[in-house]
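All the letters of the sequence shown, read from the start, carry residue numbers 3 to 334 under the numbering used here. Ideal placement from N, C-alpha and C gives every residue a C-beta, glycine not left out. In this text, all values refer to a predicted model and were calculated from it rather than measured experimentally. Before any comments, here is the structure.
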Amino acid sequence: MSGSLISSDIDFSAQGKHTGYLRLPHSVHRSAYGRILMPIVMLSNGDGPTTLLMAGNHGDEYEGQIALGKLSRELEANDIRGRLLILPMANFPAAQAGTRTSPLDDGNLNRAFPGEAHGTPTQMIAHYIEAELLPMCDYFFDFHSGGSSLYYPPTLLRGLGHSPEESAKLVDLQTAFDAPYAWIFTSGGGRNSTARTAMGGGNRKGAITLMAELGGGGAVSPEILALTERGIKRLLHATGMLPAYVPDAPNGTRELTITDSVIAYDNGLFEPYHDVQDEVKKGDTAGAIHLPETPWRTPVTLHFQHDGMVLCKRVPGLVERGDCLFQVGSDL
Ligand SMILES: [Zn+2]
Numbered sequence: 003m004s005g006s007l008i009s010s011d012i013d014f015s016a017q018g019k020h021t022g023y024l025r026l027p028h029s030v031h032r033s034a035y036g037r038i039l040m041p042i043v044m045l046s047n048g049d050g051p052t053t054l055l056m057a058g059n060h061g062d063e064y065e066g067q068i069a070l071g072k073l074s075r076e077l078e079a080n081d082i083r084g085r086l087l088i089l090p091m092a093n094f095p096a097a098q099a100g101t102r103t104s105p106l107d108d109g110n111l112n113r114a115f116p117g118e119a120h121g122t123p124t125q126m127i128a129h130y131i132e133a134e135l136l137p138m139c140d141y142f143f144d145f146h147s148g149g150s151s152l153y154y155p156p157t158l159l160r161g162l163g164h165s166p167e168e169s170a171k172l173v174d175l176q177t178a179f180d181a182p183y184a185w186i187f188t189s190g191g192g193r194n195s196t197a198r199t200a201m202g203g204g205n206r207k208g209a210i211t212l213m214a215e216l217g218g219g220g221a222v223s224p225e226i227l228a229l230t231e232r233g234i235k236r237l238l239h240a241t242g243m244l245p246a247y248v249p250d251a252p253n254g255t256r257e258l259t260i261t262d263s264v265i266a267y268d269n270g271l272f273e274p275y276h277d278v279q280d281e282v283k284k285g286d287t288a289g290a291i292h293l294p295e296t297p298w299r300t301p302v303t304l305h306f307q308h309d310g311m312v313l314c315k316r317v318p319g320l321v322e323r324g325d326c327l328f329q330v331g332s333d334l
C-alpha cells in the first residue's frame, strides 16, 4: 500500500465497465466528513495492456476533458483488449473551477509529482496517480492545452525514449496520434526523472508516456477536439487495445524542439507581430509591448533569438514582466 488516503469505488482487478469516483477526504467548516469525488472510468476485458488516459491536470484545458467524457460514454468493455483507465478531471477542484491551479491550495498538479500521501489536496492527487495508478500502467497519455494564457496548435509531446524498444514505440504512437506537430524533449525522462510533471511520474514508473498540447486560450476548438478524439482512438488502436477501429492514413507530424522563449521584461499591452505556425528568423521582431499609461513613450520591441516556427503564443493582451509571449520550435 502506498499510504494514500484516497480510496477508489472501482476494483481495478475487476472485469467489465465500471464508473465511480476516487474519494479524497476533505474536512472543512461546512462539511466535517466531506470528500472530493473525482470521476474515474475503467473498461477491462481480458489480456492486454493497461493504459491511463488523463485530462484536467490543469483545470482550464478542455479538449481532453470533453474527449475523455465522450469516450467514457461510447466505449464498452467488449470494445477493449486489456484495461483502460480514464481520469478526465485529474485535478478535480481546478477542473471544476476552470482554473489552471486548484482553488483549494493553489496547487499546480503538473508541478506536484511525485506528490505527498498526506499533503494538500493537489499533492494527494499527484501521489495517488504516481503511487497507485501509474504502477499498473503500460501506457500513460496526458491531454493538455495552453490553458487560459497560452495557445498551441495540436502538438504531441514526447521524450526520446530510454531503450530502442521505447524509442520505437514512442515514434509509433506519435505517428498514430497524427497531430501536425510534435515537441520532442531531448533530455531527461527515464526511471531517474526528477520532473515534477505527470510525464515525470509516468517515466519513473516505466509507463510509455505521451502528453499533448491541444489548443488553449480558455476555449474549445471544434477542429482540435475532432483531432483529439481521432488521435485518442488511433493511440488505443496502436497499443492493440481497440482492435476493431480502422485508422485512416496519417497526415504526418513535424518534429520540433523548443529553441526560444520570448519573455516580457515590461508590463503593458502586447502587440504580437506573428501567430502560431509562422516561420520566423533570428532577429525578426516578435512584437511590441505598448505602455498605455505613458502613450507618448515608444513601445518596447522584442526579437526572436532563433530561426524556427512559432509553436506557442500568449493569449491575453495584458502582459507582465516575466510572462512567456512566444515559444519557437526548430526542426529536430
Ligand atoms: Zn496543461
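Exercise. Which residue or residues does DSSP assign as beta-bridge partners of G22?
Worked result: Here residue 22 refers to the residue found at position 20 when the sequence shown is read from its first residue. The partner list for G22 (beta bridge, DSSP) reads I42.
Problem set entry | Complete runs of the beta strand (DSSP E) confined to the region 124 to 199 [at least 3 residues] | 141 to 146, 152 to 161, 183 to 187
Exercise. According to DSSP, which residues form a beta bridge with F94?
Worked result: On the sequence shown, position 92 is the one that residue 94 refers to. DSSP output for F94 lists no bridge partner at all.
Exercise. Are the region 12 to 28 and the region 204 to 213 touching, with three or more C-beta to C-beta distances below 8 Å?
Worked result: no
Problem set entry | Alpha carbon of Q307 to alpha carbon of D262, nearest angstrom | Walking along the sequence shown from the start, residue 307 turns up at place 305. Walking along the sequence shown from the start, residue 262 turns up at place 260. Spanning the two alpha carbons is a distance of roughly 6 Å.
For this session: With a threshold of 6 Å, establish whether the CB of E225 neighbours any heavy atom of ligand 1.
Result: What you label residue 225 is simply residue 223 of the sequence shown in a count that begins at 1. The answer is no for E225.
Exercise. Quick one, are the C-beta atoms of L159 and M213 less than 7 Å apart?
Worked result: As a position in the sequence shown, residue 159 is number 157, starting the count at 1. As a position in the sequence shown, residue 213 is number 211, starting the count at 1. Contact: yes.
Exercise. Is E65 near ligand 1, in the sense that its beta carbon is under 6 Å from a heavy atom of that ligand?
Worked result: By 1-based counting over the sequence shown, the position of residue 65 is 63. Checking the Cβ of E65 against ligand 1 gives no.
Problem set entry | Coil, strand or helix - L215 by DSSP | To locate residue 215, count along the sequence shown from 1; it is residue 213. For the record, residue 215 in the displayed sequence is Glu; it is not Leu. It is a strand residue.
Exercise. Which of helix, strand or coil does DSSP assign to S342?
Worked result: The structure shown does not extend to residue 342, since the chain spans only 3 to 334, so no value can be given for it.
Problem set entry | 7 Å Cβ cutoff met for L26 and I38 | The residue you call residue 26 lines up with position 24 of the sequence shown. The residue you call residue 38 lines up with position 36 of the sequence shown. The answer is yes: Cβ separation under 7 Å.
Problem set entry | Check: H146 C-beta below 6 Å from any heavy atom of ligand 1 | Here residue 146 corresponds to residue number 144 of the sequence shown, with the count starting at 1. Yes, since a heavy atom of ligand 1 falls inside the 6 Å radius drawn around the Cβ of H146.
Exercise. If you check the beta carbons only, do L334 and I186 fall under 7 Å apart?
Worked result: On the sequence shown, residue 334 is found 332 positions in, with the first residue counted as 1. On the sequence shown, residue 186 is found 184 positions in, with the first residue counted as 1. Yes; because the gap between Cβ atoms is below 7 Å, this pair is in contact.
Problem set entry | Spatially closest choice to R75 from H276, L45, T103, by CA coordinates | What you label residue 75 is simply residue 73 of the sequence shown in a count that begins at 1. Nearest option by C-alpha distance: L45.
For this session: Alpha carbon to alpha carbon, how far is L216 from I226? Give it in angstroms, no decimals.
Result: By 1-based counting over the sequence shown, the position of residue 226 is 224. By 1-based counting over the sequence shown, the position of residue 216 is 214. Cα-Cα distance, rounded: 6 Å.
For this session: Determine contact between the region 112 to 131 and the region 149 to 167, defined as no fewer than three beta-carbon pairs at a distance below 8 Å.
Result: no
Problem set entry | the region 228 to 245 contacting the region 83 to 94, beta-carbon criterion three pairs below 8 Å | yes
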